[in-house]
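In terms of the working numbering, the sequence shown is residues 41 to 205. Glycine included, every Cβ here is placed at the ideal spot set by N, Cα and C. Everything numeric in this text was worked out from a predicted model, so none of it was measured. Some notes on the structure that comes next.
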Amino acid sequence: MKKISLMAAFIAVAAIFASCEKQPTAVTPENMGSTVKLTGYVRIIKMKSDKKKDTTFVKNQEIAVLYGTQVGEKMTYRPYVATTDKKGFYSIDLGCPVGQTIDKVKVEYSAYEETYVIPKGKSDPIATDAYFYGSAEKTNLAAPQAYNLDFFVTAQDYVGGPDQN
41 MKKISLMAAF
51 IAVAAIFASC
61 EKQPTAVTPE
71 NMGSTVKLTG
81 YVRIIKMKSD
91 KKKDTTFVKN
101 QEIAVLYGTQ
111 VGEKMTYRPY
121 VATTDKKGFY
131 SIDLGCPVGQ
141 TIDKVKVEYS
151 AYEETYVIPK
161 GKSDPIATDA
171 YFYGSAEKTN
181 LAAPQAYNLD
191 FFVTAQDYVG
201 GPDQN
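As structure tokens, this is what we get:
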């Protein structure tokens, strides 16, 4: 009889452990309960040799997505990556606990590309390389919602080129 009681207790304990659901260890949009969707177009603005501005979509490129959480006076960011498609459009879902907000999200893109610049005292543009950068940000994003963050990328610093007008 003692063996049967011991066996029954063992089976009961085993059943309890078997019925426990494994908790997720990584925080992902799927296990957060709700998501914030970010979408947008990324465009780059360059000068052409004819002095006109050329605005094109940033196609098939990775852009940085920074998910910010305010802790006291300090903003802490978690990095993600989104990729633009052949039309320059990106879309990413970020996990957000139900009933809470994401304090801040920033999307950004940088590139090193050729463009044209007009040197000081000259009227004709010349080709030069430049560092391009652009970003957009939004604060207090609530889930479940979608937010559009389009942005432009412009030349920030010319490499080895002349001073510009």
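Burial state of residue i, where buried means 16 or more other Cβ atoms lie within 10 Å
i      : result
VAL76  : buried
TYR149 : buried
Local conformation of residue i per DSSP, three classes
i      : result
GLU113 : coil
LEU181 : strand
THR124 : coil
ASN188 : strand
ALA58  : Note that ALA58 scores a pLDDT of 41, beneath 50, so its modelled location is shaky; the value from the coordinates is reported in the next line. The answer is helix: DSSP assigns ALA58 an H, G or I state.
GLY80  : strand
Residues bridged to residue i (per DSSP)
i      : result
GLY161 : DSSP lists no partner for GLY161.
LYS93  : MET87
ILE146 : Checking the sequence shown, residue 146 turns out to be Lys, not Ile. LYS146 pairs with LEU106, GLU177.
Residue i at chain D interface by Cβ criterion, 8 Å
i      : result
ASP125 : Any reference to chain D falls outside this structure, which holds one protein chain only.
Continuous beta strand (DSSP E) stretch holding residue i: start and end
i      : result
GLN196 : 191-199
ILE131 : For the record, residue 131 in the displayed sequence is Ser; it is not Ile. Taken as a continuous stretch (DSSP letters only), the beta strand (DSSP E) holding SER131 covers 129-135.
Q.
Does the structure place the segment 123-132 close enough to the segment 160-172 that three or more beta carbon pairs sit under 8 Å?
A. No contact exists between the segment 160-172 and the segment 123-132.
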